Amino acid sequence: MKTLDSIDLQILDILQRNFSTPIKELSERVGLSFTPTYERIKALKKSGLILRNVAVVDREALGYNIISYCYVTLKEQSIDRIREFETKASEKQQILEVIRLSGQYDYMMKIVAKDINDYNNFMMKIIAELPNIGNYSSSIVLSVVKSETRIPVTNQEKE
314 MKTLDSIDLQ ILDILQRNFS TPIKELSERV GLSFTPTYER IKALKKSGLI LRNVAVVDRE
374 ALGYNIISYC YVTLKEQSID RIREFETKAS EKQQILEVIR LSGQYDYMMK IVAKDINDYN
434 NFMMKIIAEL PNIGNYSSSI VLSVVKSETR IPVTNQEKE
C-alpha cells in the first residue's frame with residue numbers, strides 16, 4: 314500500500330462525510346484538477362482503503378425506535394462453536410454488529426427493533442435460535458449522544 318499524503322487524507326475525510334460529493338467540488342477543495350482527484354479516488358478504492366460507498370439511513374424514519382446492546386457469554390469456546398455462533402448471529406438482519414470482546418463477555422451485538430414488543434419477541438427468538446449462548450445481558454439505549462461512521466484521518470479538530 315502506498316503512503317498516504319495530506320491530499321489523500323483530505324479526500325478520505327471529505328468522502329467519509331459525504332461520498333456523493335461531486336469530483337469537481339472535491340478537486341477544488343483539495344487543490345487538484347479533476348483527473349488527478351478521480352485517479353486518487355480510484356487508487357484508494359483499489360487499495361482497499363475505501364471499502365464501499367453506502368447511504369446512512371435514518372433508522373427511526375424506518376420505524377426502528379429501539380437500539381440495544383446485548384452482551385453474550387458462550388457456553389463452549391471451541392473454534393467450531395464460536396464460528397457457528399458468529400455465522401448464525403451475522404445472518405440476523407436486526408443484529409447490526411457482532412463484535413468479539415475480551416473481558417467479562419465474549420460478544421457484543423448491536424440490535425435494532427421497532428418497539429419494545431418487537432425487541433422482546435426478537436430476543437426470545439434469538440436466544441432460542443442462536444447456538445451456544447451461556448448467558449446474556451442487554452442494555453437499551455436511552456439516547457444517542459454521538460454516532461459516527463467516519464474514521465479520523467486528519468488532525469483538524471481544535472483541542
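Taken in order, the sequence shown gives residues 314 to 472; the numbers are from the working numbering.
All C-beta atoms, glycine included, are put in the ideal place defined by N, C-alpha and C.
Since the model is a prediction, treat every value here as computed from it, not as a measurement.
| query | Helix or strand or just coil, what does DSSP make of K355? | reply | The answer is helix: DSSP assigns K355 an H, G or I state.
| The alpha helix (DSSP H) with S340 in it runs from where to where? | If you look at S340, you'll find it in the alpha helix (DSSP H) that goes 336 to 343.
| field | Own chain, CB closer than 8 Å to K401, minus 5 neighbours either side, in chain order | value | Contacts found: E442, L443, P444.
| Three CB pairs or more closer than 8 Å across the stretch 378 to 395 and the stretch 414 to 421 | The stretch 378 to 395 is in contact with the stretch 414 to 421.
| said: Using CA atoms only, rank isn't needed, just tell me which of F347, V411, I429, Y432 is closest to M422. | reply: For the residues F347, V411, I429, Y432, the minimum Cα distance to M422 belongs to V411.
| request: Check N445 in the structure and name its three-state DSSP category. | output: If DSSP states are grouped into helix, strand and coil, N445 belongs with coil.
| For the putative contact between I446 and Q329, defined by C-beta atoms under 8 Å, what is the C-beta separation to the nearest angstrom? | About 35 Å separates the two Cβ atoms, so there is no contact after all.
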